[in-house]
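Everything in the sequence shown is counted per our numbering, starting at 10 for the first residue and increasing by one.
These notes concern the structure reproduced below.
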Amino acid sequence: MTAAEIARLRRRLNAWYRANRRALPWRETHDPYRIWVSEVMLQQTQVKTALPYYRRFLHRFPTLRRLAAADEGAVLKCWEGLGYYARARNLNRAAACVAASGGRVPDCWDAFRALPGVGDYIAAAVLSIAYDQPHAVVDGNVKRVLARLLALDAPANAPAATRLFQTQADRLLDRGRPGDFNQALMELGALVCTPRAPACGTCPLEALCRARQDGAVERFPRRAPVRRIPEVEAAVGVVVRNGRVLVTRRPPGGLLGGLWEFPGGKIEPGEAPAAACGREIEEEVGLRVEVGEPLAEVRHAYSHFRVRLHVFLCRHRGGRVRLNGPAAFRWVRLEEIDGLALPKANHKFLPFLKRRLADLDSRRARSSA
Ligand code: SF4
10 MTAAEIARLR RRLNAWYRAN RRALPWRETH DPYRIWVSEV MLQQTQVKTA LPYYRRFLHR
70 FPTLRRLAAA DEGAVLKCWE GLGYYARARN LNRAAACVAA SGGRVPDCWD AFRALPGVGD
130 YIAAAVLSIA YDQPHAVVDG NVKRVLARLL ALDAPANAPA ATRLFQTQAD RLLDRGRPGD
190 FNQALMELGA LVCTPRAPAC GTCPLEALCR ARQDGAVERF PRRAPVRRIP EVEAAVGVVV
250 RNGRVLVTRR PPGGLLGGLW EFPGGKIEPG EAPAAACGRE IEEEVGLRVE VGEPLAEVRH
310 AYSHFRVRLH VFLCRHRGGR VRLNGPAAFR WVRLEEIDGL ALPKANHKFL PFLKRRLADL
370 DSRRARSSA
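Have a look at this one:
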């Protein structure tokens with residue numbers, strides 16, 4: 010693209026953005042903390058999904074200092090259901106780092122980029138939007154627009170192409186208004202240059218778009234083949250003792266770190282789900298249990314694998330809890346569970362569990378009457 014074409018692209022895109030941008034709460038503030046929260050939530054999450062979480066999170070943690078002082082469990086509870094929980098844990102830790110060094114979100118790339126969970130995308134987005142600094146963002150929407158606009162052959166999902174997309178985004182960036190320009194490019198990808206059936210006829214960049222001019226929009230972005238997502242089978246036990254159930258807390262790092270769950274684990278090849286449930290509970294928390302009726306079978310998809318959970322009601326037969334893996338445990342009443350942050354897969358069977366335990370309680374009450 011020539012310098013004149015780039016100047017035209019900036020003018021057109023900025024004008025389109027002024028007229029078409031969605032009114033979103035993080036666009037009504039210059040507070041770097043609030044913009045930061047929005048960008049963390051919007052990574053791997055669509056705007057309509059993130060919106061209620063954003064409002065709730067900022068109601069609960071309206072300032073960086075409030076977030077910095079918060080207990081990780083409370084932060085995870087507020088994030089519960091949004092997934093990718095490392096984002097919440099890192100945000101909590103990063104807020105604590107910022108609070109400890111004065112409380113102002115850094116406006117310098119190196120200092121901000123060094124905070125937990127802050128990668129190139131978050132750094133570019135927050136510094137450009139909150140502080141008007143000339144850093145170009147590259148997310149999935151931007152890659153798609155650039156791939157079509159410039160007819161880029163590099164696969165958009167290949168790590169090796171990251172530098173190429175970044176270089177092109179840097180070249181196009183309007184350094185006079187970097188925050189608006191970045192948001193405009195992302196907004197165009199979300200509203201017009203969509204993955205399927207882009208609305209080229211209404212696109213402000215139509216006359217500049219190589220793929221459109223070549224009649225080859227559907228060929229871009231190119232994608233490298235992706236691996237099939239494996240499915241894991243796991244067995245989980247709801248161990249009941251004196252009207253309470255056992256929950257364990259996952260270690261702080263890694264997948265779903267810091268969240269509470271019912272004990273269990275992977276089913277070995279050839280193993281029956283009920284047998285795996287008893288074995289896993291004994292290995293993980295040191296309890297002997299009687300694996301009872303199957304309660305539910307639920308499926309859930311994570312980013313790199315899918316899980317099929319076989320859930321059983323279990324009766325405590327003996328032993329004291331000795332943890333081997335989990336970071337903590339609690340015996341809780343069922344109504345207390347709503348106060349804990351649980352993975353989505355556990356939420357999927359909670360209604361069955363509540364109904365079944367209520368049913369067992371009322372039977373017990375009737376038989377003892
Ligand atoms: Fe995307 Fe079509 Fe606009 Fe090109 S003309 S940028 S393909 S919406």
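Yeah, the Cβ is synthetic: ideal placement off N, Cα and C, and Gly gets one too.
#### Entry: Buried or exposed (CB count within 10 angstroms, at least 16 for buried), residue 97
Answer is buried; the Cβ neighbour count reaches 16.
### Task
Taking residue 276 and residue 282 to be in contact with their CB atoms under 8 Å, please state how far apart those CB atoms are, rounded to whole angstroms.
Right, their Cβ atoms sit about 6 Å apart.
### Query
Quick one: what does DSSP say residue 230 is sitting in, helix, strand or coil?
Under the three-state reduction of DSSP, residue 230 is assigned to coil, being neither helix nor strand.
#### Entry: Close Cβ partners of residue 59 (< 8 Å) along its chain, the five nearest in sequence each way excluded
Closer than 8 Å at Cβ, skipping near neighbours: 47, 50, 51 and 91.
### Message
Per the DSSP calculation, residue 244 is bridged to which residue(s)?
### Response
Residue 244 pairs with 274 and 319.
### Task
Using only the heavy atoms of the ligand SF4, determine whether one of them is closer than 7 Å to the beta carbon of residue 165.
Incorrect: residue 165 has no Cβ contact closer than 7 Å to the ligand SF4.
### Task
Taking residue 85 as the reference, give the member of 108, 257 and 101 with the closest Cα.
Distances from the CA of residue 85 to each of 108, 257 and 101 were compared; the closest alpha carbon is that of 101.
### Message
Does the stretch 123 to 133 come into contact with the stretch 141 to 161, if we say contact requires no fewer than three beta-carbon pairs (one atom in each stretch) closer than 8 Å?
### Response
The stretch 123 to 133 vs the stretch 141 to 161: in contact.
### Query
Closer than 7 Å: is that where the CB of residue 215 sits relative to any heavy atom of the ligand SF4?
Under cutoff, so the answer is yes.
### Query
Under the three-state reduction of DSSP, which class applies to residue 291: helix, strand or coil?
Looking at residue 291 - three-state DSSP - the assignment turns out to be helix.
### Message
Can you give me the C-alpha to C-alpha distance between residue 203 and residue 33, rounded to a whole angstrom?
### Response
Approximately 19 Å between the Cα atoms of the pair.
### Task
With DSSP collapsed to three states, give me the class of residue 338.
In the structure shown, residue 338 sits in a strand (DSSP, three-state: E or B).
### Message
Taking the beta carbon of residue 235 as the centre, do at least 16 other beta carbons fall within 10 Å, making it buried, or is it exposed?
### Response
By the neighbour-count rule (16 or more Cβ atoms within 10 Å), residue 235 is not buried but exposed.
### Query
Mind checking whether residue 164 and residue 232 have CB atoms under 8 Å apart?
Their beta carbons are under 8 Å apart, which means residue 164 touches residue 232 by this criterion.
### Task
On a CA-only basis, which of 75, 10 and 93 is nearest residue 262? Give me that one, please.
The candidate whose alpha carbon is nearest that of residue 262 is 93.
#### Entry: residue 157 - containing beta strand (DSSP E), residue span
It is not in any beta strand (DSSP E) - residue 157 instead sits in the alpha helix (DSSP H) that spans 149 to 158.
### Task
Rank 53, 19 and 95 by C-alpha distance to the C-alpha of residue 383 and give the top, closest one.
This structure cannot settle anything about residue 383, because the visible part of the chain is limited to 10 through 378.
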